[in-house]
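Visitor: Each residue of the sequence shown is one higher than the one before, starting from 81 at the first, in this note's numbering.
A single structure is presented below for examination.
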Amino acid sequence: MNYSIYLLPDCITFIFGLCIGSFINVCIYRLPREDMNIHHPRRSFCPACLEQLRFWENIPLISYIFLRGRCRSCKTSISLRYPLVELISACFAVAVSLKFGLTLTGLIYYILLSSLVIITFIDLDYQIIPNVISLPGIIIGFIASFYLPGMSGQESFLGILIGGGLFFLIAYVFVKIRGIDGMGMGDVKLLAMLGAFLGLKGVMFIIFISSVIGTLSGILVMIQNRSFTLQQKIPFGPFLSIAAMLYIFWGEVLIIKYVLWLRGI
Ligand SMILES: [Zn+2]
């Protein structure tokens, strides 16, 4: 029996994910820069020598391997991040299609995950979360909540209110007491967006999990720096994004396990 026919849809989904990953790379590179946008310049180029890329140099993953990670013109090495982002996007596409099927629900979650990949890498580079993603994301998430299983407009609204509102309050109090901007408003808007897509339960899960991951990472950084004061600001967007990803794929299972553990079962 020929099993390869069963793998064909997953292969197509994987290639689709790679192509979207290529677009995600463009967004990560261009969105924070004021002199360019998604449409301009039209063609992709090498960031080092500004040489325009030819068609065959722009194929996701393949071109990186074929060019051995170097620009054809100036031989500057291309960041490993480009193929990595393409791979992450492709894995998400396959994972979403396996969990939710080729459905509207799957597509909505894939769009959300892709936005989180963009947000994560921009936050790591610039310590900002672009409004151009988070603000429309709140509205799109609210509309999507009418289609997503286990979600409703009311649940989405509560998610926005508690996610955005609660964190806004924390950020506000932090600025008043400590006089420093500990939690950026970008994180607040991102949490409102996640609340819109994933509801109140999702927001609670994300706040809890991201705090755990954030604290552990903070301790690791302190050990690495051999200093017990955390001076440098750690971007929080990636932690929120990882927590949201965990919720989409394993949220229900993890919550049930946690409740059983609390009850000592
Ligand atoms: Zn170059």
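Here a beta-carbon is modelled for each residue, glycine too, at the ideal position from N, C-alpha and C.
#1: Is Thr156 near ligand 1, going by C-beta to nearest heavy atom under 7 Å?
#2: How many angstroms separate the CA atom of Pro318 from the CA atom of Leu147?
#3: What is the rounded straight-line gap between the Cα of Ile104 and the Cα of Pro229?
#4: For Ala128, count neighbouring Cβ atoms within 10 angstroms of its own Cβ and tell me buried if that reaches 16, exposed if not.
#5: Taking only the alpha-carbon atoms, compute the straight-line gap between Met231 and Ser225 and give it to the nearest angstrom.
#6: By Cβ distance below 6 Å, which residues in the same chain neighbour Leu111 in space, the five residues on each side in sequence not counted?
#7: Count the CB pairs spanning the region 210 to 223 and the region 271 to 283 that are closer than 8 Å, and state whether there are at least three.
#8: Helix, strand or coil for Gln207 per DSSP?
#9: Going by DSSP, name the residue or residues bridged to Ser157.
#10: Run the CB neighbour count on Glu137, radius 10 Å, all protein chains shown included, and call it buried at 16 or more, exposed below.
#11: Beta carbon of Cys151: closer than 7 Å to some heavy atom of ligand 1?
#12: Apart from the five residues on each side of it in sequence, which residues of its chain come closer than 6 Å, Cβ to Cβ, to Phe201?
#13: Is the Cβ-Cβ distance between Gly101 and Ser159 less than 8 Å?
#14: Can you say whether Gly344 is buried or exposed, counting buried as having 16 or more other CB atoms within 10 angstroms of its CB?
#15: Nearest to Val283 by CA position, among Gly221, Ser153, Pro121, is which residue?
#16: Within a Cβ cutoff of 7 Å, which residues of the same chain sit near Ile335, ignoring the five residues on either side of it in sequence?
#17: With distances taken Cα to Cα, identify the nearest neighbour of Met325 among Ile142, Ala175, Leu249.
#18: Would you say the beta carbon of Glu137 is closer than 7 Å to some non-hydrogen atom of ligand 1?
#19: Should Ala324 be listed as close to ligand 1, given that the test is whether its C-beta is under 7 Å from any heavy atom?
#20: Phe125 by DSSP, collapsed to three states: which one?
#21: Of the residues Val255, Gly279, Gly149, which one's Cα is nearest the Cα of Gly239?
#22: Note down, in chain order, each residue of its chain lying with its Cβ closer than 6 Å to the Cβ of Ser143, except the 5 sequence neighbours on either side.
#23: On the three-pair Cβ rule with 8 Å, is the region 87 to 94 touching the region 172 to 186?
#24: Mind pulling the alpha helix (DSSP H) runs of 4 or more residues that sit fully within the region 181 to 237?
#25: Could you give the distance in angstroms between the alpha-carbon of Ser290 and the alpha-carbon of Ile191?
#26: I think Leu184 touches Tyr227, with their Cβ atoms under 8 Å apart; what is that distance to the nearest whole Å?
Guide: In brief:
#1: Thr156: yes, Cβ under 7 Å from ligand 1.
#2: 30 Å
#3: 27 Å
#4: Residue environment: Ala128 is assigned as exposed (fewer than 16 neighbouring CB atoms within 10 Å of its CB, all protein chains considered).
#5: 5 Å
#6: Pro210
#7: As far as the Cβ criterion goes, the region 210 to 223 touches the region 271 to 283, which means the pair count is three or higher.
#8: coil
#9: Arg150
#10: buried
#11: yes
#12: Ile108
#13: no
#14: Exposed: under 16 other Cβ atoms inside 10 Å.
#15: Gly221
#16: Phe285
#17: Ala175
#18: Outside the cutoff, so no.
#19: no
#20: strand
#21: Gly279
#22: Glu137
#23: yes
#24: 184 to 206, 211 to 224
#25: 21 Å
#26: 6 Å
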